Each structure stands twice: as structure tokens, then as C-alpha cells.
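K.L.:
Numbering (the UniProt record's numbering), first residue to last: 1 to 198.
Given below as C-alpha cells:
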């Protein structure tokens, strides 16, 4: 079984001094103080990438503020009104995770890093251990030389989800930067490109 996931956060981890695409150790909580998870979305798929279940949660912003809602449209007010506690959301996630062998995400090191940071912050070590049992599939790396997106120097670069989607369907991606729709669109693009098999 596959678990395709995406997160939205209230910012980015402090990656100063690190190479591009490298994120701080999840145990360095100070580096993640501005990268708190505010939306967690995931899809459970069978081994043929057929969708079995789609789960989406806005998370209650507990002891932090959301100052980047222009990227994902989740405001402090929406988080407080519609958000569930992280503990509730992550326990539901854990129960699904146990039945999956592979986790798929676009720039997976970011998503896994911010999730592990939240888990470590709360001493939920058993879920970190479960995450570390899984095969991680990063669609940025896996499809870089398939999509062949170019940077301004005409060199092949890591494809954005928009570029991956456009390669798959030859049309523009809509509803970007909402983790639910990012999961739906990533799933569709991966199925199309791989003919239902990772």
C-alpha cells in the first residue's frame, strides 16, 4: 500500500548553512519553530495506485501564529474554527500509516522533516519509529529526468508540482498550495506518468 502525503506549514525551517534541498535535523526544534504543520492531507492507495481513501485535516494552531496564509489560504481564524488537535490528526494518520509500506510526496524530505519535528516536539517517538520503517519515494527526484524542467540557465532542475502536472496532462495545475489538492494532483500525475505503478 502507498500513502501519498502533503503538508502545509506556517513557514519554512531555518536551513541557513545547509545545501539547497537539505533541511535541519528534526530534533533541532528551534529550526522548526517557523515551520509548524497546519494542514495534513494524505491518500491511501493500493499497489496499483488506485485510491482507497483521501483524508484531509486542518490543524489547530496551538501556541503559534499563521502569518503566511497568502500561500495556502489557512488563516489563524480558520485554524481555530475548523482545526483539529495535532494529537488527534496524527493518531488517525498513525493508524493508516501502519498498513502502508511506501510514502510518496513531492519534496518528501520537507514533509517528513516537519512531521517528525512535530512528533519529536510532543515526544511521540513511536510514530517516528513507524515512519522510519517506510520506503520514501520523492517525486521530485524520481521524475526530475523524466520531466526535464529547465532553470533560467537552461539546465535541468528539480520540477515543481505544477511542472510535473503539466508534463503529465499538458495543462496547468489549479488549486496549488492546498495540501488536499496537491495530494489529489500528485496522485493523478504519478498514475498518468507511470501507468499505475511506482
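All residues carry an ideal CB built from backbone N, CA and C; glycine is no exception.
Predicted model only: the values in this text are computed from it and were never measured.
(1) On the three-state DSSP scale, how would you describe residue 82?
(2) Output the boundary residues of the beta strand (DSSP E) element that contains residue 57.
(3) Can you tell which of 43, 102, 135 has the C-alpha that lies nearest to the C-alpha of residue 52?
(4) Spatial neighbours of residue 126 within its chain, please: CB distance less than 7 angstroms, with the 5 preceding and 5 following residues excluded, ordered by chain position.
(5) If we call anything under 8 angstroms between Cβ atoms a contact, is residue 93 one with residue 40?
(6) Measure the C-alpha to C-alpha separation of residue 204 and residue 186 and round it to an integer number of angstroms.
(7) Hey, quick one: how far does the alpha helix (DSSP H) through residue 139 stretch, first residue to last?
(8) When DSSP labels each residue in this structure, what does residue 134 get in the three-state scheme?
P.N.:
In terms of the structure at hand:
(1) helix
(2) 51 to 58
(3) 43
(4) none
(5) yes
(6) Nothing about residue 204 can be read from this structure; the chain reaches only from 1 to 198.
(7) 139 to 142
(8) coil
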